């Protein structure tokens with residue numbers, strides 16, 4: 279904790295958010311860019327290094343508290359049993375700290391749980407200005423194109439903050455003001471407690487407004503200051519799903535700009551989406567219609583897209599991923615995935631490995647240079663280095679109750695249309711014949727063949743499919759004396775690589 283760190287950050291997240299039209303999900307749990315709205319508020323508050331971080335919950339509080347326990351277990355929860363206004367919510371938070379023997383002595387920052395674009399940098403500016411000016415309270419303000427719904431900041435002749443009037447209580451002249459209150463403040467903690475004790479409910483909502491503390495502190499002779507956010511969009515609140523989408527677009531543009539300035543090529547920013555925890559190294563290329571979610575990481579020179587969705591997936595340096603979906607997978611350096619591949623949790627591709635067209639891999643490892651080029655399912659398996667799995671192959675891993683593993687050794691060549699009925703092992707350097715159902719282990723260097731003997735019934739088509747085009751073609755071939763012939767040395771492997 280630095281010298282400028284606040285004693286506490288209080289996040290107000292008790293409201294219902296009826297305009298979201300979501301009866302089972304609190305507004306603050308709606309998500310954008312990989313975090314809930316309240317998760318964004320908590321993350322911004324954490325950047326200040328506060329002694330305590332308290333979230334005030336109310337509506338569907340069990341869900342909100344459970345979510346916070348997952349994303350930031352150190353968060354303290356204060357319950358506002360009745361939603362009686364922002365001032366009452368802050369008092370609940372302070373009382374919660376006092377009950378636990380944690381009286382607040384220092385700066386208290388109050389934020390709200392539905393402003394996901396608010397950054398730690400903006401909060402640091404607010405706290406620094408508050409300390410430098412010796413204010414009793416400092417308001418984070420913004421000048422916005424449309425102030426509808428926001429409290430207006432009223433200034434006196436010297437430019438100081440005289441009061442904040444809520445939209446519902448503003449006069450026509452006050453509604454024309456475009457400098458608005460963000461709902462974010464830095465207070466002197468002791469002065470805040472004193473002012474909260476004096477709040478009344480004489481307003482159109484019958485609530486205790488936190489903004490009324492400014493007039494109380496000003497009347498007591500304390501300085502009330504304001505810091506105008508450099509980007510007015512930082513304070514945008516979310517009240518409905520239209521605003522949620524707008525904020526998501528703004529945040530995504532910020533994330534993409536940061537990535538491009540760090541050396542990432544984004545071919546089409548309009549169709550490329552990043553979550554806040556995505557990381558990348560220089561010379562990454564992102565093609566159109568690419569979505570990177572969770573803690574996805576991209577190594578230097580990796581190329582992803584078009585049409586990719588990666589979630590919590592690592593992509594090694596120089597790897598290429600095209601038209602693919604990956605969830606909790608590891609793609610090694612210079613590996614190749616797609617087009618039209620699906621990597622499920624636990625899929626691990628080593629250097630230069632390949633998962634090709636219409637390939638699905640789950641809980642399996644491909645060794646260095648191993649290839650599954652096309653039309654195959656590899657589940658609960660280990661494919662050794664340099665091995666090639668033939669087209670249309672399946673590791674039959676599930677017996678209806680339990681999952682079993684398939685092991686294919688190094689430098690193997692398995693035929694097309696193979697079924698590997700697990701548990702089964704194919705030894706190093708072994709081959710398997712096309713069309714085989716491998717139920718027993720294949721020793722190293724052996725050829726595994728497991729298929730029925732072919733039998734040809736001469737004249738069957740002409741007898742049983744008389745009058746068809748096939749029968750006419752067969753008759754013409756017979757009359758011409760033509761027909762296939764297979765020599766004794768025909769290859770039975772048929773890897774289809």
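In my numbering, the protein residues as written are 279 to 775. We treat Cβ as the ideally placed atom computed from N, Cα and C, and that holds for glycine. If you're wondering where the values come from, they're calculated on a predicted model, not measured in any experiment.
- Here the C-alpha atom of residue 405 lies approximately 21 Å from the C-alpha atom of residue 291.
- Per DSSP, residue 365 lies in no beta strand (DSSP E) segment; the continuous alpha helix (DSSP H) that holds it begins and ends at 364 to 377.
- With contacts defined as CB atoms closer than 8 Å, residue 342 and residue 316 qualify as a contacting pair.
- Per DSSP, the continuous alpha helix (DSSP H) segment holding residue 345 begins and ends at 339 to 349.
- Distance from the CA of residue 389 to the CA of residue 401, rounded to the nearest whole angstrom, comes to 9 Å.
- In the structure shown, the three-state DSSP call for residue 600 is coil.
- Residue pairing by DSSP places residue 293 opposite no residue, since no beta bridge is assigned to it.
- Contact between the segment 414 to 431 and the segment 545 to 554 is absent: fewer than 3 CB-CB pairs across the two stretches fall below 8 Å.
- Judged by beta-carbon spacing, residue 440 lies within the 8 Å limit of residue 433, meaning their Cβ atoms are closer than that value.
- Counting the other CB atoms within 10 Å of its CB gives residue 453 a total below 16, which places it among the exposed residues.
- Around the CB of residue 530, 16 or more other CB atoms lie within 10 Å, so the residue is classed as buried.
- Boundaries cannot be given for residue 306, as no alpha helix (DSSP H) includes it and DSSP labels it neither H nor E.
- Taking C-beta separations shorter than 8 Å and ignoring five residues to either side along the sequence, the partners of residue 314 in its chain run 306, 307, 308, 345, 349, following chain order.
- Between residue 656 and residue 672, the alpha-carbon positions lie close to 6 Å from each other.
- Following the DSSP letters along the chain, one finds residue 409 inside the alpha helix (DSSP H) bounded by residues 398 to 411.
- The segment 526 to 543 makes no contact with the segment 471 to 490; the number of CB pairs closer than 8 Å stays below 3.
- For residue 510, there is no enclosing beta strand (DSSP E), as DSSP marks it with neither H nor E.
- Using a Cβ distance threshold of 8 Å, residue 397 and residue 322 count as a contacting pair.
- Between the segment 712 to 719 and the segment 735 to 744, the count of C-beta pairs closer than 8 Å stays below three; the two stretches do not touch.
- Within the segment 664 to 712, the complete beta strand (DSSP E) segments of 3 residues or longer fall at 672 to 674, 684 to 686, 697 to 699, 702 to 704, listed in chain order.
- Of all C-beta pairs linking the segment 507 to 521 to the segment 466 to 473, fewer than three are shorter than 8 Å, placing the two stretches out of contact.
- Straight-line measurement puts the Cα of residue 599 at about 11 Å from the Cα of residue 635.
- By a beta-carbon distance limit of 8 Å, residue 504 contacts residue 417. Their separation comes to about 4 Å.
- In this structure, the alpha-carbon of residue 684 lies about 45 Å from that of residue 304.
- The alpha-carbon separation between residue 630 and residue 709 amounts to approximately 21 Å.
- The beta carbon of residue 543 is closer than 8 Å to those of 561, 562, 563, 564 in its chain, skipping five residues each way along the sequence.
- Inclusion of residue 633 and residue 650 in the CB contact set at 8 Å is warranted, their separation being smaller than that value.
- The beta carbons of residue 612 and residue 597 sit closer together than 8 Å.
- Annotation for residue 466: the continuous beta strand (DSSP E) segment containing it runs 457 to 466.
- Here residue 326 carries a coil assignment [DSSP, helix/strand/coil].
- Across the set 701, 688, 711, the C-alpha of 711 shows the shortest separation from the C-alpha of residue 669.
- Rounded to the nearest whole angstrom, the C-alpha separation of residue 747 and residue 758 is 16 Å.
- With a threshold of 16 other beta carbon atoms within 10 Å, residue 735 falls short and is exposed.
- Scanning its chain for C-beta atoms nearer than 8 Å, with the 5 sequence neighbours on each side dropped, one finds around residue 500 the residues 413, 414, 415, 466, 469, in chain order.
- Distance from the CA of residue 299 to the CA of residue 335, rounded to the nearest whole angstrom, comes to 19 Å.
- The DSSP-derived three-state label of residue 496 is helix.
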